[in-house]
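Quick note: the sequence shown uses my numbering, first residue 1049, plus one each step. Cβ atoms here follow ideal geometry from the backbone N, Cα and C, with glycine treated the same way. Please read these numbers as outputs of a predicted model, since none were measured by experiment. Below is one structure, written out as structure tokens; comments come after it.
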Amino acid sequence: MSDKIIDWTSLIDICGDEDMVEELMEVTVEDGVETLTLLRQAVQAKDLENTELYAHRLKGVSMVMGAVTLTPLAYALEEAGNQGRSDDIPGLFAPIQDTFDQVTAFLSQDNWIEMAKQHDACQV
């Protein structure tokens, strides 16, 4: 996995300031947790339609969060659901769960904003 968990530049472009970023992340993480739960249930039920739906929703949540490693994983699962590739779905879901856990662990740190800024500064 890439060292960059959150794209600070993207977040600040969306929100404009740190206070808005913090508010957005609080709401977005809650939505992500709910969406991931629904996605897990769809995957376990081998429900392709809802797997595609909730993977698409998680992709959007991850884009808003600036979670650069989560977005392509959610997209791949969405496509598998769309294409009816049921055998691929369990293997695609596992890294989504792991990556979401890493993102939320990162965001639970008191200094996550400073860490995200520093990482973006190192990328320039």
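Quiz item: Which value, in whole angstroms, describes the spacing of the CA atoms of residue 1107 and residue 1100?
Solution: To locate residue 1107, count along the sequence shown from 1; it is residue 59. To locate residue 1100, count along the sequence shown from 1; it is residue 52. For residue 1107 and residue 1100, the distance between alpha carbons rounds to 10 Å.
Self-check item: Those runs of the beta strand (DSSP E) which lie wholly inside the segment 1102-1145 and span at least 3 residues
Solution: If we require 3 residues or more, the segment 1102-1145 turns out to have no beta strand (DSSP E) run fully inside it.
Quiz item: What is the DSSP secondary structure of residue 1067, reduced to helix, strand or coil?
Solution: Within the sequence shown, residue 1067 is the residue found at index 19, counting from 1. In the structure shown, residue 1067 sits in a helix (DSSP, three-state: H, G or I).
Quiz item: What number of angstroms, rounded off, separates the C-alpha of residue 1170 from the C-alpha of residue 1057?
Solution: The sequence position of residue 1170 within the sequence shown is 122, counting from 1. The sequence position of residue 1057 within the sequence shown is 9, counting from 1. One C-alpha to the other measures close to 12 Å.
Exercise. Determine the direct distance from the alpha carbon of residue 1069 to that of residue 1085, and round the result to whole angstroms.
Key: Stepping through the sequence shown from its first residue, residue 1085 is reached at position 37. Stepping through the sequence shown from its first residue, residue 1069 is reached at position 21. C-alpha separation (whole angstroms): 24 Å.
Exercise. Can you give me the Cβ contacts of residue 1174 inside the same chain, cut-off strictly under 6 Å, excluding the 5 residues immediately before and after it?
Key: Here the chain comprises residues numbered 1049 to 1172, so residue 1174 is not present and cannot be evaluated.
Quiz prompt | Cβ-based neighbour list, residue 1161, same chain, cut-off 8 Å, excluding 5 preceding and 5 following | solution = Reading the sequence shown from its first residue, position 113 is the one you call residue 1161. Excluding positions up to five away in sequence, the list reads 1056, 1066, 1069, 1070.
Quiz item: What separation, rounded to the nearest whole angstrom, lies between the Cα atoms of residue 1136 and residue 1128?
Solution: By one-based count along the sequence shown, residue 1136 stands at place 88. By one-based count along the sequence shown, residue 1128 stands at place 80. C-alpha separation (whole angstroms): 7 Å.
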